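One structure is given here, and the rest of the page talks about it.
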Amino acid sequence: MSDGKLKLGWAQADISPEEPVMVCGQFHARVSEGILDPITATALVLDSGDEHVVLISCDLVAISDEIWEGVQARLGADGPSPDAIVMNATHTHTAPEVRAKGGAAGTTAESVGVELPIMDVQDYVDFAADRISAAVNEAWAARAEGSVAFGLGQAVVGRNRRWVDIHGTSTMYGNTNTPDFSHIEGYEDHSVNILATYDAAGEMTGVVVNIACTAQETEGLFEISADFWHDTREELRRRLGERLFVLPQPSAAGDQSPHLIWGKREHERMLRLKGRTSREEIAHRIADAVEETLPFIRETREDAPLLQHETVELRLPLRKLNEEDALSADAEAANWRAEYEAELAKLEANPDLRDEPRWHEPRWYVQVTKAYRRMQWYQRVRERYDLQQKEDPYRDVTLHIVRLGDMAFATNPFEYYLDFGTYIKARTPATQTFLVQLAGSGSYVPSERSIAGGGYGSVPASTPIGPDGGRKVADATIDALLGLWGDE
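Numbering (the numbering used here), first residue to last: 2 to 489.
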């Protein structure tokens with residue numbers, strides 16, 4: 002038996018692509034036009050001797066099966082167990098596509114509607130998996146006795162991005178300056194969950210920062226970027242030490258984003274007065290919360306907290322569709338097909354457009370790829386409906402539940418609406434629970450009230466899993482947490 006003393010290891014890898022790639026996160030294709038700031042993978046090893054876990058955060062839109070399996074396959078023989086790997090994405094919309102299966106690769110006309118001169122998706126996945134696994138092996142080799150402390154701060158970063166009109170219809174973003182505006186659809190969570198790590202001498206080595214918001218402040222760029230987490234890392238290191246490791250996690254935030262849908266004028270005025278960009282403002286808010294919290298938790302640090310890791314395998318039913326859903330999707334798909342064919346005809350009439358520099362405005366491939374992907378998006382609704390007439394389709398998912406002393410990490414692979422996150426936090430037996438969404442391939446899991454309002458993020462095309470699946474994930478998470486706490 003070990004003495005339970007905690008060993009910690011940190012490492013970071015640059016996973017910025019070395020060639021033009023498909024940038025993931027919008028309907029239209031985007032070919033990368035350079036690197037605004039590096040995207041990274043950060044690994045933290047927690048090892049008690051009896052149990053170990055590796056937390057990994059990546060500046061990606063999601064963690065595809067290909068990335069996860071690629072990292073696990075590359076771990077050293079003397080390294081951590083593949084089953085101990087717990088990965089999450091920050092959901093930056095300015096990172097490479099990492100889904101190489103199922104027609105998501107961006108190098109053929111089958112996936113985006115036209116041929117584009119980019120790095121093959123699987124080649125990037127292999128490149129990133131090499132870098133991430135090397136960081137994991139480095140963190141494993143760097144393990145040394147240390148301690149941890151956890152605490153809670155507050156910072157306004159994520160806002161509910163859906164509003165409801167007086168007729169009960171929900172809209173994501175859009176103009177709220179209308180007499181039909183009624184209210185914001187759901188709740189917001191401004192908590193900043195903080196786990197700080199220290200070496201044997203008591204010097205802080207790194208920090209896990211968990212907020213209910215995804216990295217989407219500058220999501221429309223054609224450049225590679227970690228979004229506001231780059232600015233946040235820079236600000237935290239400026240205040241707390243240039244060698245500080247920073248591991249970001251998004252809590253349940255499927256209906257949240259950093260974009261304002263009201264109060265924009267006063268916000269923009271204050272940015273001008275402060276001389277900051279929106280990303281810099283977010284970085285300061287997060288850094289303020291971390292810096293304020295650290296002095297209060299430092300003396301609570303533990304060097305032998307109980308470490309337990311459990312995985313939960315769930316089979317979730319796909320969202321039930323009706324014939325009206327399918328017929329509506331058919332009509333939308335037909336409209337987008339017509340637009341796609343019209344855009345193709347323009348390209349055939351003007352073949353020289355394809356030879357323009359990829360940064361030339363307007364980019365020749367944007368409209369045609371948007372139409373093609375929208376068409377596919379609606380076609381998948383029909384495919385799911387037809388499948389449901391023959392069988393009860395489902396999706397298998399894995400949840401990771403980690404206990405570290407009196408606090409916990411609880412993951413899910415989705416863009417998980419905040420209503421479910423609030424339910425888990427209200428019922429958890431842990432003193433503090435770090436919910437971690439996007440520990441997998443993504444897709445929205447909407448709340449009941451959002452389904453009633455409709456709109457992007459709640460319509461059948463964007464929600465393979467419905468509210469019943471979301472509740473099943475929440476209940477399974479609570480059951481697992483209660484199991485780890487037992488009679489406590």
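The beta-carbon is built from N, C-alpha and C at its ideal position, and this holds for glycine as well. No experiment lies behind these values; they were computed from the predicted model shown.
Alpha-carbon spacing of His231 relative to Ala284, whole angstroms: The C-alpha of Ala284 is placed about 8 Å away from the C-alpha of His231.
Best match in Tyr417, Ser49, Trp337, Tyr418 for proximity to Asp4 [C-alpha to C-alpha]: Looking at the Cα atoms, Ser49 is the closest of the given residues.
The alpha helix (DSSP H) enclosing His231, as first and last residue numbers: For His231, the enclosing alpha helix (DSSP H) covers residues 229 to 241.
Test item: CB-CB of Ser134 and Leu76 under 8 Å: The Cβ atoms of Ser134 and Leu76 sit closer than 8 Å to each other.
Three-state secondary structure assigned by DSSP to Gln380: In the structure shown, Gln380 sits in a helix (DSSP, three-state: H, G or I).
Contact set for Glu311: own chain, Cβ-Cβ below 7 Å, skip 5 residues either direction: Short of 7 Å from the beta carbon of Glu311, and not among the five residues preceding or following it, lie these beta carbons of its own chain, in chain order: Ile402, Ala481, Leu485.
Arg31 CB to nearest heavy atom of the ligand ATP below 7 Å: The model on display carries no ligand, and the ligand ATP is accordingly not part of it.
Residues near Ala477 in its chain [Cβ-Cβ closer than 8 Å; skip 5 each side]: The answer, listed in chain order, is Val313, Leu315, Leu400.
Nearest-angstrom Cα separation, counted from Thr43 out to Gln73: Taking the straight line joining both Cα atoms gives about 15 Å.
Strand pairing of Phe151, partner residues [DSSP]: Bridge pairing for Phe151: Leu196 [DSSP].
Buried/exposed call for Gly103, threshold 16 Cβ in 10 Å: Bear in mind that a pLDDT of 49 at Gly103, under 50, signals an unreliable position, so the model cannot answer this.
Rounded straight-line distance, which links the Cα of Arg338 to that of Ala288: C-alpha separation (whole angstroms): 47 Å.
Inter-stretch contact (C-beta, 8 Å, three-pair minimum) for the region 347 to 359 and the region 405 to 417: No, they do not touch.
Proximal residues to Ala106 (C-beta, below 6 Å), its chain only, five neighbours per side dropped: In this prediction, Ala106 scores a pLDDT of 44, lower than 50, which makes its location untrustworthy; the coordinate-derived value is nonetheless stated afterwards. Excluding positions up to five away in sequence, the list reads Ser112, Val122.
C-beta atoms of Phe421 and Ala475 nearer than 8 Å: Contact: yes.
Supposed contact pair His191 and Ala156 - C-beta distance, whole angstroms, cut 8 Å: Taking 8 Å as the upper bound for CB-CB distance, Ala156 and His191 are in contact here, some 6 Å apart.
Local Cβ density within 10 Å of Pro352, reported as buried at 16 or more and exposed below that: Answer is exposed; the Cβ neighbour count stays below 16.
Start-to-end residues for the alpha helix (DSSP H) that takes in Ala350: For Ala350, the uninterrupted alpha helix (DSSP H) run begins and ends at 324 to 350, by DSSP.
Chain-order list of residues whose beta-carbon lies under 7 Å from that of Trp263 (same chain, five-residue window excluded): Cβ within range, chain order: Thr177.
Where Thr399 falls: helix, strand or coil (DSSP): DSSP places Thr399 in strand when its eight states are reduced to three.
Of the residues Gly26, Thr432, Leu436, the one placed nearest Thr423, counting alpha carbons only: Measuring from the Cα of Thr423, the nearest candidate turns out to be Leu436.
Cβ neighbour criterion (16 or more within 10 Å) applied to Ser82: Ser82 should be labelled exposed.
Distance, Tyr395 Cα to Lys347 Cα: When only Cα atoms are considered, Lys347 and Tyr395 end up about 41 Å apart.
At least three beta-carbon pairs within less than 8 Å, the region 219 to 226 to the region 137 to 152: Contact fails between the region 219 to 226 and the region 137 to 152, because fewer than three Cβ pairs, one in each stretch, are under 8 Å apart.
Under the three-state DSSP convention, the category His184 falls into: In the structure shown, the three-state DSSP call for His184 is strand.
Pairwise C-alpha distance: Leu45 and Ser66: What sits at residue 66 in the sequence shown is Asp, not Ser. Approximately 21 Å between the Cα atoms of the pair.
Cutoff 7 Å; reference Gly154; Cβ partners in own chain excluding five residues on either side: The beta carbon of Gly154 sits closer than 7 Å to those of Val193, Ile195, Ala290, Val291, Glu293, Thr294, all from its chain and outside the five residues before and after it, given in chain order.
Buried versus exposed call for Arg270 [16 or more other C-beta atoms within 10 Å across all chains shown]: Exposed.
Same chain, Cβ closer than 6 Å to Pro97, neighbours up to 5 away in sequence not counted: Closer than 6 Å at the Cβ level, and outside the excluded window around Pro97, lie Pro18, Val22, Tyr125.
Unbroken beta strand (DSSP E) run spanning Glu249, endpoints: Checking the displayed sequence, the identity of residue 249 turns out to be Pro instead of Glu. 246 to 251 is the extent of the beta strand (DSSP E) around Pro249.
Nonlocal neighbours in the same chain, by C-beta distance under 6 Å from Arg31, ignoring five residues either side: Val24, Phe223, listed in sequence order.
Closest residue to Arg450 among Pro296, Tyr188, Ala327 (Cα-Cα distance): Arg450 has its Cα closest to that of Tyr188, out of Pro296, Tyr188, Ala327.
Spatial distance of Pro363 from Tyr373 (CA atoms): If I take the Cα positions, the gap works out to 18 Å.
DSSP three-state assignment for His268, whether helix, strand or coil: Assignment of His268 by DSSP, reduced to helix, strand and coil, places it in the helix class.
Beta-carbon gap between Val247 and Thr198 smaller than 8 Å: No. Outside cutoff.
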